[in-house]
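Enquirer: Residue numbers (our numbering): 62 to 278. Just so it is clear, CB atoms sit at the ideal spot from N, CA and C, and this is done for glycine as well.
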Amino acid sequence: MGAFRRTRRRGHPRDRGSGPRACECPRGLAAVVRRGAAATCGTLRRLKPDSARTAYAGKLFDVTVERWGEHEREIVEHPGAVAVVAVDTEGLLTLVRQRREAARKHLLELPAGTLEHGERPYDSARRELEEETGLTGGTWRQLAAFYTTPGFCRERMHLFVAHALERGRSSPEADEELEVVRWPANEIATRLHELEDAKTLAGLLLYLHQADASTGL
């Protein structure tokens, strides 16, 4: 996921279609239900602060200070993001290693990116995947959507899985230092210890869970 927004590209002809199937609660995962509240995949009533003011307006993020009763909260406003569990026609999972200044290290992650204004998550995921890795086509499905750090940030991550992707030429942004890394998909479970990125761990664990469910394991 780059540091700045990218210019919107025109859709690739192979990208046009009805898109992936809608996200569903994975079978076998127990829904966490609070007394008097909806299940995890349901919609709880929306909460609103008593007041809010913008403390910082950046190129990608804004920070608002919200008042909730007697307390103030600093909230990072985020347009949302996408990430893709990408498996190509050879059965290889594609990851990217990139510099993460906040972590002070290079991290191995799922291909991912920030939503542009008015962009559908599915369209953003296909665009980001092709730009970062050159992978196109394939069969797509949405795995989940979740808040990455709800204690202080409104970023909502839309997670997809894509199979039978075809390799092409990548075109990352000039300020992105990306190394494409490929793992055999059947080695994912034994290599999770190599990862430190939350969305990547969540995405691959969901992918493995659904793969086990489909084989009856």
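Hey, would you say Ala113 sits closer than 8 Å to Glu127, going by beta carbons?
Expert: Position 52 of the sequence shown holds residue 113. Position 66 of the sequence shown holds residue 127. A contact, by the Cβ cut-off of 8 Å.
Enquirer: Once you ignore the five residues that flank Thr115 on each side, which residues in its own chain have a CB closer than 7 Å to its CB?
Expert: By 1-based counting over the sequence shown, the position of residue 115 is 54. Asp123 and Thr125.
Enquirer: For Thr261 and Leu156, what's the separation of their Cα atoms in angstroms?
Expert: Here residue 261 corresponds to residue number 200 of the sequence shown, with the count starting at 1. Here residue 156 corresponds to residue number 95 of the sequence shown, with the count starting at 1. Answer to the nearest angstrom: the Cα atoms are 9 Å apart.
Enquirer: Compare the Cα-Cα distances from Glu158 to each of Leu169, Glu255, Val148 and Arg165 and report the closest residue.
Expert: By one-based count along the sequence shown, residue 158 stands at place 97. The amino acid occupying residue 158 in the given sequence is Arg; Glu does not appear at that position. Nearest of Leu169, Glu255, Val148 and Arg165 to Arg158, Cα basis: Leu169.
Enquirer: Go through its chain and collect everything with a Cβ distance to Tyr268's Cβ below 8 Å, but skip five positions before and after it.
Expert: Position 207 of the sequence shown, counting from 1, holds the residue named residue 268. Around Tyr268: Val146, Leu204, Val222 and Ile249.
Enquirer: If you run the structure through DSSP and keep just helix, strand and coil, what is Lys260?
Expert: Locating residue 260 in the sequence shown gives position 199, where the first residue counts as 1. Residue state, collapsed to three classes: helix.
Enquirer: Quick one, are the C-beta atoms of Gly174 and Glu189 less than 8 Å apart?
Expert: In the sequence shown, residue 174 corresponds to position 113, counting from 1. In the sequence shown, residue 189 corresponds to position 128, counting from 1. Yes. Within cutoff.
Enquirer: Output yes or no for whether 8 Å exceeds the beta carbon distance between Ala246 and Leu176.
Expert: As a working mapping, residue 246 is identified with position 185 in the sequence shown. As a working mapping, residue 176 is identified with position 115 in the sequence shown. Against a cut-off of 8 Å, the Cβ pair of Leu176 and Ala246 comes out as no contact.
Enquirer: Between which two residues does the alpha helix (DSSP H) containing Pro245 stretch?
Expert: The sequence position of residue 245 within the sequence shown is 184, counting from 1. Looking at the DSSP string, Pro245 is not in any alpha helix (DSSP H); the run it does join, the beta strand (DSSP E), is Leu239 to Pro245.
Enquirer: Tell me which same chain residues have a C-beta within less than 6 Å of the C-beta of Glu133, skipping the five on either side of it?
Expert: Reading the sequence shown from its first residue, position 72 is the one you call residue 133. Closer than 6 Å at the Cβ level, and outside the excluded window around Glu133, lie Val126.
Enquirer: Nearest by alpha-carbon distance to Glu180: which of Ala142, Glu131, Glu255 and Lys120 is it?
Expert: The residue you call residue 180 lines up with position 119 of the sequence shown. It is Ala142.
Enquirer: If you check the beta carbons only, do Asp149 and Leu108 fall under 8 Å apart?
Expert: Within the sequence shown, residue 149 is the residue found at index 88, counting from 1. Within the sequence shown, residue 108 is the residue found at index 47, counting from 1. Pairing Asp149 with Leu108 gives a Cβ-Cβ distance that is not under 8 Å.
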